[in-house]
Structures are given as structure tokens and as C-alpha cells.
Amino acid sequence: MTGENEAANLPICVAAFYKFAPMQDCAAVQAGLVRLCQLHGVKGTVILAPEGINGTIAGTDEAVNHALTHIKALPGCTEMTAKFSRTPTLPFHRLKVRIKREIVTMGQPDIDPLTGAGHYVSPQDWNALLREPGTVLIDTRNDYEVEVGSFAGAINPRTRQFRDFPHWFRAKRNKLLGEGKPPKVAMFCTGGIRCEKSTAFLRSEGVEEVYHLEGGILKYLEEVSPENSLWTGECFVFDQRVTV
802 MTGENEAANL PICVAAFYKF APMQDCAAVQ AGLVRLCQLH GVKGTVILAP EGINGTIAGT
862 DEAVNHALTH IKALPGCTEM TAKFSRTPTL PFHRLKVRIK REIVTMGQPD IDPLTGAGHY
922 VSPQDWNALL REPGTVLIDT RNDYEVEVGS FAGAINPRTR QFRDFPHWFR AKRNKLLGEG
982 KPPKVAMFCT GGIRCEKSTA FLRSEGVEEV YHLEGGILKY LEEVSPENSL WTGECFVFDQ
1042 RVTV
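Throughout, the numbering used here is defined as the position within the sequence shown, counted from one, plus 801.
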């Protein structure tokens, strides 16, 4: 990983963001966002769907700020937050703004993260939750992501894609939760978006004490000092950097 002081001087800003909010006209949003990003030289990948927006973009500080301001002006996106990092060169070759059925594909259309997601736990409080006896810690990422780094003791579902997660949980439910009162379940992912759905899914399955790391691994690494961090290894990201 790049040292904190060295990273602060790197010229390219990378912003990862998502927001679950009803998108009434994805095509119009797509056209407007493409125009603005092309005008300011912003590169990256953005996914639009009726359920919201999800993306990672990169450019100069000013360019990224223009793009995020534009996105936050969309209905329901005012409170959208982003996770920031820096890199010496653009980690994307081009801009892709795509329209899909879901902004993160789980294949469970009845799950609503806006009303059913689990309890958020801030990076500052995450370590305490993990140290509570009996807490079941689940890494909701895919197997190839887990291989390069995770929290010690986390369960790896060994999924190839996120839509495999519901089947894995239903198959392993009794082993994970045992009999009697279900334990606390703590879940985490790269930026938080997969946990919005995975925690909502567990709650729909009758598990109430479900928690997830607010802002995901990226926010945890940004806010928790290395000497206090329980993270081991690197964090896989979906661009040319591969890990951070």
C-alpha cells in the first residue's frame, strides 16, 4: 500500500460511490452524466438501474467534484457519500455508463435495501463488534477477492458471483446460526453496496441481528490507523490497480 503522506500528493482522485434511490428515467440520466464526464475528462464505470446508481470514477479533483455534484443533484441522491483514494495515473482507459436491471446483481427482486438493510456499524466501532463473543463474521465478496485479503476469522462463502450468496446462505444456515437464538451476524464487502442487499436478504430470512460495515473495507482502511486495523492483506478493487 502507498504511504498516507505519499498518497496525498498523487494527482488522480478516485471516487467509489453508490446510492439506492428510484431512477425514473435511466436513459436521460445516462445521457446527462456521459456529457458531463466527457466534458471534464472523467473516466470510470457507472451502473444505472431503476433501483439506483453505483460506480467508480477517476480524474482530477475538480473533474471528480463536478461529476459527484451532478450525481448528488439527482432525485434521492443528495445524501450520497463517496470513498476517496489517490493514484499516480488514471486507473481507467475510458468512461462506461451502463443501464442494467440491478446496480449490484443478487437476483432477489423482492429484497429492498431502502427498507430492509441491516444495522450500520462505523469503522470506528467495527473492531468492538468483531471482538464480541459469538459474532458470526461473513465476507460477502467473491472467492478471488477474499484470497488477497480479509478480516481474520471471517467466513468465506467461496462464491464466484454475488448472486450465488442467497443459495450459499440457505444451504449453510443451520451450521452458521445453530439452534436457539440466532447470533449477531456481521457482514462486510468492498464499498458497502453488496452488504445493503445481503443484510436485507438475511433479514428477509428471519435473521434480525444483522450488522454491516458502513462504507465497506475502503472506508475502514481510510479511517482506521494501521496499528488498530484488524484487516490483513490487500483489498481487491475492480480497476487497473487490482488491489489497494
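Even for Gly, the Cβ is constructed at its ideal location relative to N, Cα and C.
{"Item": "Segment limits, beta strand (DSSP E) that includes residue 828", "Value": "Note, residue 828: premise wrong, no beta strand (DSSP E); alpha helix (DSSP H) at 827-841."}
{"Item": "Rounded separation between residue 873 and residue 883 - CA only", "Value": "11 Å"}
{"Item": "Proximity below 8 Å, CB of residue 878 to CB of residue 822", "Value": "yes"}
{"Item": "Inter-stretch contact (C-beta, 8 Å, three-pair minimum) for the region 935-950 and the region 880-894", "Value": "no"}
{"Item": "Residues bridged to residue 844 [DSSP beta-bridge criterion]", "Value": "859"}
{"Item": "Host beta strand (DSSP E) of residue 821 (start-end)", "Value": "813-821"}
{"Item": "Opening and closing residue of the alpha helix (DSSP H) in which residue 917 lies", "Value": "914-917"}
{"Item": "Proximity to residue 1019 [Cα-Cα], best of 1028, 1032, 1009", "Value": "1032"}
{"Item": "Selected residue, minimal CA-CA separation from residue 862, among 1010, 992, 812", "Value": "812"}
{"Item": "Every unbroken beta strand (DSSP E) within the region 922-1006, with a cutoff of 3 residues, ordered by chain", "Value": "937-940, 950-952, 986-989"}
{"Item": "Buried versus exposed, by CB contacts within 10 Å (16 or more), residue 960", "Value": "buried"}
{"Item": "Three-state secondary structure assigned by DSSP to residue 1033", "Value": "strand"}
{"Item": "C-alpha gap between residue 881 and residue 816, whole angstroms", "Value": "12 Å"}
{"Item": "Counterpart residues of residue 886 in DSSP-defined beta bridges", "Value": "815"}
{"Item": "Three-state class that DSSP yields for residue 1043 in the structure shown", "Value": "Caution is warranted here: a pLDDT of 48 is assigned to residue 1043, below 50, making its placement in the model unreliable, and the coordinate value is therefore given only provisionally. In the structure shown, residue 1043 sits in coil (DSSP, three-state: anything other than H, G, I, E or B)."}
{"Item": "The alpha helix (DSSP H) enclosing residue 1018, as first and last residue numbers", "Value": "1017-1024"}
{"Item": "Where the beta strand (DSSP E) containing residue 904 begins and where it ends", "Value": "Per DSSP, residue 904 belongs to no beta strand (DSSP E) and is neither H nor E."}
{"Item": "Proximity of residue 1022 and residue 1011 at Cβ, strictly below 8 Å", "Value": "no"}
{"Item": "Simplified DSSP assignment, three categories, for residue 874", "Value": "coil"}
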